[in-house]
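K.L.:
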Amino acid sequence: MFNPDIFQLSPEVEAALAEKRPVVALESTVIAHGLPRPLNLETARRLEQFVRAEGATPATIAIIEGKICVGLGG
66 MFNPDIFQLS PEVEAALAEK RPVVALESTV IAHGLPRPLN LETARRLEQF
116 VRAEGATPAT IAIIEGKICV GLGG
């Protein structure tokens with residue numbers, strides 16, 4: 066489905082996709098550039114909580130070491 070040389074899916078996102086459950090993409094800008102620490106991480110976690118509360122799997126996306134990481138740990 067995805068080229069592992071380019072994409073890295075978290076186990077949670079990979080399972081949700083395999084089971085055809087909803088996945089919501091979230092950008093990582095709020096963490097890297099959007100808000101000062103620690104508000105940036107608190108906000109990112111809160112956004113993921115909102116997605117989970119609606120029954121979907123959050124998938125925060127970032128480029129890390131040249132790979133598109135879909136679903137960050139946390």
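Each residue of the sequence shown is one higher than the one before, starting from 66 at the first, in my numbering. A virtual CB, placed ideally from N, CA and C, is assigned to each residue, including glycine.
How would you label Leu-91, buried or exposed, when you count the other beta carbons within 10 angstroms and need 16 or more for buried?
P.N.:
Burial is judged here by how many other beta carbons sit within 10 angstroms of a residue's own beta carbon; Leu-91 has at least 16 and is buried.
K.L.:
Over the uninterrupted beta strand (DSSP E) stretch that includes Glu-92, give me the two end residues.
P.N.:
88 to 92
K.L.:
Look at the alpha carbon of Ala-97 and the alpha carbon of Ala-109, and state the distance between them as a whole number of angstroms.
P.N.:
10 Å
K.L.:
I'd like the span of the alpha helix (DSSP H) that includes Pro-76, first residue to last.
P.N.:
In the DSSP assignment, Pro-76 falls within the alpha helix (DSSP H) that extends over 76 to 83.
K.L.:
So who's on the other strand from Ala-124, going by DSSP bridges?
P.N.:
DSSP lists Ala-90 as partners of Ala-124.
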